[in-house]
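Whatever position you read off the sequence shown (first residue = 1), add 1305 for the working numbering.
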Amino acid sequence: MAQWNHETDSCSFGTIDIGRVVDMEDGAFPAAMLYPDATPEAIKALSHRFGPMHINPESLELYLSFHAYVIKTEHHTILVDACVGNGKDRPGREMWTNRSGPFLDNLARQGVTPEDIDFVMCTHLHADHVGWNTKQVNGEWVPTFANAQYLFAEREYKFWEECQAKSDDPIMYGSHADSVLPVMKSGQAKLIDGAHEIATGLNTEPAYGHTPGNMVLHVSEAAKTHAVICGDVMHHPVQLAHPEWSTCFCEDAQKSRATRTGLLDRLTAATRSFSRRIFNHRAMGLSRGTAQAFG
Ligand SMILES: [Zn+2]
């Protein structure tokens, strides 16, 4: 069974390496804001279970990590989600505004340069999943990953395109304009079906609810080991204990709940066991059996 290596922030199975690339950590969010269905009593109980890495035991705030995953196969290097980004103007989101974070240094720590990336796959197009899609060069936002094909779900892209058409103001705190449209303009974007084979062993699956075109990515190797990059299907470990809790950021809370419970049921069935010590690291690996989910 593949185990997450906490020192290298990565894991390997067969010929596949998966590394976590942090953009921001330790963003503290009030539980009642993030999860409208959560009670203080439930969060307090979970704080004992998951510990101070995930829940502040005093304030009961939840810590969120904003990170990407880089997957190296024999033939390709794929970046999943592009986090918040640097130098972006994000009115209404102070902690995302004009950042100068170490994302590219953290990518280098996984042995990957921006030029190495063959595919950038965005699970969805929220502002904290597209930021590093672009960087500013001579006042223009251009693709950060010059050799990559960027994969966006067509259903997701169309939804936000329609939202922008109905709005006089930039949507998604400006991220659609500075982190999605420049990629479309460059010709590096490909709009895909929710169920899409990127390459052998790399398959997207529709996971609607959090957003209308949200996807997860399955990474499998010789049918023995299987990882799921689940994006915002789960935001925090508390959703393993309470998969019925959707966040305030979910476009369709009911559909998000059904997607999450369905995915977890399948992973649990695949592994035939459910460990209580699943989220022992911010990579959110479900270290049980042969299936793992990374959020
Ligand atoms: Zn999201």
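Using N, Cα and C, we set each Cβ at its ideal position, and we do this for glycine too.
DSSP-derived helix/strand/coil call for residue i
i, result
"residue 1415", "coil"
"residue 1431", "coil"
"residue 1481", "helix"
"residue 1316", "strand"
"residue 1554", "coil"
"residue 1446", "strand"
"residue 1340", "coil"
"residue 1328", "strand"
"residue 1348", "helix"
"residue 1322", "strand"
"residue 1597", "Caution is warranted here: a pLDDT of 49 is assigned to residue 1597, below 50, making its placement in the model unreliable, and the coordinate value is therefore given only provisionally. Note: residue 1597 maps to strand in three-state DSSP."
"residue 1310", "strand"
Between the CA atoms of residue j and residue i - distance to the nearest angstrom
i, j, result
"residue 1579", "residue 1573", "In this prediction, residue 1579 has a pLDDT of 37, which is less than 50 and means its spatial position is unreliable; what the coordinates show is noted afterwards. Between residue 1579 and residue 1573, the C-alpha separation is close to 6 Å."
"residue 1386", "residue 1410", "16 Å"
"residue 1436", "residue 1481", "9 Å"
"residue 1364", "residue 1334", "10 Å"
"residue 1459", "residue 1357", "39 Å"
"residue 1518", "residue 1511", "7 Å"
"residue 1486", "residue 1349", "42 Å"
"residue 1371", "residue 1329", "5 Å"
"residue 1338", "residue 1379", "43 Å"
"residue 1489", "residue 1448", "10 Å"
"residue 1423", "residue 1454", "6 Å"
"residue 1554", "residue 1536", "13 Å"
"residue 1389", "residue 1570", "30 Å"
"residue 1532", "residue 1556", "26 Å"
"residue 1369", "residue 1542", "10 Å"
"residue 1475", "residue 1467", "12 Å"
"residue 1429", "residue 1311", "27 Å"
"residue 1498", "residue 1521", "12 Å"
heavy atom of ligand 1 below 6 Å from residue i C-beta
i, result
"residue 1633", "Past the edges of the chain, shown from 1306 to 1600, lies residue 1633, and the structure says nothing about it."
"residue 1537", "yes"
"residue 1431", "yes"
Close-in-space but distant-in-sequence residues of the same chain around residue i (CB under 7 Å, 5 per side omitted)
i, result
"residue 1362", "1352"
"residue 1395", "1401, 1402, 1432, 1478, 1479"
"residue 1415", "1315, 1324, 1326, 1375"
Cut-off 6 Å between Cβ atoms - residues of its own chain near residue i, not counting five sequence neighbours on either side
i, result
"residue 1412", "1326"
"residue 1484", "1435, 1436, 1438, 1439"
Any chain B beta carbon closer than 7 Å to residue i
i, result
"residue 1533", "Judged by its chain identifiers, the structure shown contains no chain B, having just a single protein chain."
8 Å CB neighbourhood of residue i in its chain, flanking five on each side removed
i, result
"residue 1366", "1333, 1334, 1335, 1336, 1360"
Which runs of the alpha helix (DSSP H) fall wholly inside the region 1354-1431 and span at least 4 residues, in chain order? 1408-1414
Ignoring anything shorter than 3 residues or poking outside the region 1495-1551, list the beta strand (DSSP E) runs there in chain order. 1502-1504, 1507-1511, 1520-1526, 1530-1534
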